[in-house]
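In what follows, a single structure is set out as structure tokens and then discussed.
In our numbering, the protein residues as written are 1 to 581.
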């Protein structure tokens, strides 16, 4: 071959492949690299999709919770419609209303600003949780969540409009305006805990109710349906509007627009002493006879559609207690003393205070037993509570050993006494120490009661409400004296009680020179207007005839105060202690 020319190979070239050779003829499987790549891609896709799936589940749960809240808000509005407008405020005290509005969620407060706060001036300071529209939340459980329904009640003023142009809750003004009609406005909230809310989730709605004549419309509405309560109980001699732990407010849903009318189909089946208020469906009165009742209740709407319901009600006898007489033992004595109870709803729960050392009470049977281990004189307070938490109390004077002659004279302390107006009372005081015989005296006994100077028995029938603080003094043969205090809480006062300060907790505490503005209240009629008077107020304070206590206390101390309110032939008294620090 000539020099300078390149040689060309005539052999065919073989193209080399980087793929692995199949292991057998006809094998179409993936290579290891392809499998690994596919797995990586799947992992990345699933990782990216996981937040979306989780978010979708959360959103669905939140939507379901929101739907439940909307339904519960609608149910709460139906409860408003079941009560006649002029009774929507009944049983809601100023104190409980203030507390409720102050604790309202931020989302609710703009709605509250659209109306003027309103309450029942005749309600006790502690009233509200048992009202037809309670001031405390009603908790409803659904799908594992707890929802709280609340009702905020106020007044607003709206320009009258024709039936062709009905007004709305938004148009109602929070201040009185000349020519505008007054409405009761109810704001309903439903709150629950959800992932999508910073603190708690809130659903809010509102409705208006007019105490005047409303326009009527032809609508295709369902007949009303009574929804509860499923059952009820009461106690002989106890006003049902003081009945803690039971709601005697009938409820319904549906029905034509307008007020509902409630009635008892057969009044012979209603417990003696009780009535059903037609406008509100609220039971009132004081049961007189114990027994089991089946009360046929009927509700009728403005279209004359109705529903009936049989309400089971048990009226229990009053809880009573029987304790053994005064006891005397020596150290080392084995003791077993039985206490018994009657009335109320079993089972009973027993407790005792100031038992002699070595003794205890069986909380189920009420038997006091044990072995006395130390000398001493005791005033044992035995308390029994039934299944509905109604209580009765008894006192035992219990001496272990022999008191030394001429020991310190002591009068028995007593727990507050809850007694019924115009019902026989018999409370006997006891004492030990000093030199017998003893002489007894009492100051500020409720009208109708007197004390036996020889026996210390306070008997009679109290004739005036509401709360009295009696100082009882015992004097021995040598003139030594001892004093103790007895508090009387009157029940069955009807419309002749002081409602504020609260009769169950009226004592006041004020800092020296602080400004005082206390408004006493009563459930007496405003025609004529009740007139107030006060004695024993701390220096610097005065009371007007309308019940306003104002001023600034100028001297520290503890002052026994008596507030008296009169209205025609009715009088009510509230005694309490005012401490100036």
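From the three backbone atoms N, C-alpha and C, an ideal C-beta is built for every residue, glycine too.
Predicted, not measured: the structure shown is a model, and the values here were computed from it.
- Looking at the DSSP output, residue 532 shares a beta bridge with 565.
- Residues 487, 488, 489, 490, 498, 503, 506, 573, 574, 575, 576 of the same chain have their beta carbon placed closer than 8 Å to that of residue 467, with the five preceding and five following residues left out of the count.
- Here residue 42 carries a helix assignment [DSSP, helix/strand/coil].
- With 16 or more other CB atoms across the displayed protein chains lying within 10 angstroms of its CB, residue 251 is buried.
- Distance from residue 302 to residue 258 at the Cβ level is roughly 3 Å; contact confirmed, criterion being Cβ atoms closer than 8 Å.
- The distance from the Cβ of residue 335 to that of residue 371 is about 7 Å, consistent with a contact at the 8 Å cut-off.
- One alpha carbon belongs to residue 550, the other to residue 97, and they sit about 23 Å apart.
- Judged by beta-carbon spacing, residue 292 lies beyond the 9 Å limit of residue 224, meaning their Cβ atoms are not closer than that value.
- Under the criterion of beta carbons closer than 8 Å, residue 105 and residue 202 qualify as touching, at roughly 5 Å.
- Spanning the alpha carbons of residue 578 and residue 430 requires a straight line of approximately 28 Å.
- With a cutoff of 9 Å on beta-carbon distance, residue 340 and residue 321 are scored as near each other.
- In the DSSP assignment, residue 296 falls within the unbroken beta strand (DSSP E) covering 291-300.
- Measuring C-alpha to C-alpha distances from residue 519 to each of 513, 512, 129, 530 identifies 530 as the nearest.
- DSSP, reduced to helix, strand and coil, places residue 130 outside both helices and strands of the structure shown, so it counts as coil.
- Counting only residues of its own chain and dropping the five nearest sequence neighbours on each side, residue 382 has a CB closer than 6 Å to the CB of 323, 339, 352, 394.
- Comparing alpha carbon positions, the residue from 465, 463, 458 closest to residue 471 is 458.
- Scanning its chain for C-beta atoms nearer than 6 Å, with the 5 sequence neighbours on each side dropped, one finds around residue 344 the residues 316, 319, 386, 390, in chain order.
- Beta bridge pairing from DSSP links residue 73 with no other residue.
- Within the same chain, Cβ atoms closer than 8 Å to the Cβ of residue 379 are found at 354, 395, 396, 397, 398, 412, 413, 430, the five residues on either side in sequence being excluded.
- When secondary structure is reduced to three states using DSSP, residue 393 falls in the strand class.
- Inclusion of residue 100 and residue 144 in the CB contact set at 9 Å is not warranted, their separation being larger than that value.
- In the DSSP annotation of this structure, the continuous segment of the beta strand (DSSP E) that includes residue 440 starts and ends at 439-443.
- Ranked by how close their Cα comes to the Cα of residue 190, the residues 375, 151, 208, 261 have 151 in first place.
- In this chain, the alpha helix (DSSP H) harbouring residue 112 covers 109-112.
- In the three-state scheme derived from DSSP, where H, G and I count as helix and E and B as strand, residue 269 is classed as helix.
- Within the segment 430-504, the beta strand (DSSP E) runs of at least 3 residues that lie entirely inside it are, in chain order, 439-443, 449-451, 457-460, 465-475, 481-491, 498-500.
- When 230, 33, 66 are compared, the shortest CA-CA separation from residue 197 is found for 66.
- Short of 7 Å from the beta carbon of residue 407, and not among the five residues preceding or following it, lie these beta carbons of its own chain, in chain order: 433.
- The C-beta distance from residue 210 to residue 183 rounds to 5 Å, short enough to fall under 8 Å.
- In this structure, the alpha-carbon of residue 460 lies about 43 Å from that of residue 309.
- Nearest to residue 208 by C-alpha distance, out of 264, 79, 424, is 79.
- Contact annotation, residue 123 with residue 92: C-beta distance approximately 6 Å; criterion of less than 8 Å satisfied.
- Under a 10 Å Cβ-count criterion, residue 34 is classified as exposed, with fewer than 16 other Cβ atoms of the shown protein chains found around its own Cβ.
- The alpha-carbon of residue 581 is positioned some 41 Å away from that of residue 176.
- Judged by DSSP secondary structure, residue 101 falls within the alpha helix (DSSP H) whose first and last residues are 94-102.
- The DSSP assignment places complete beta strand (DSSP E) segments of no fewer than 3 residues inside the segment 340-364 at 340-342, 349-353, 359-361, in order along the chain.
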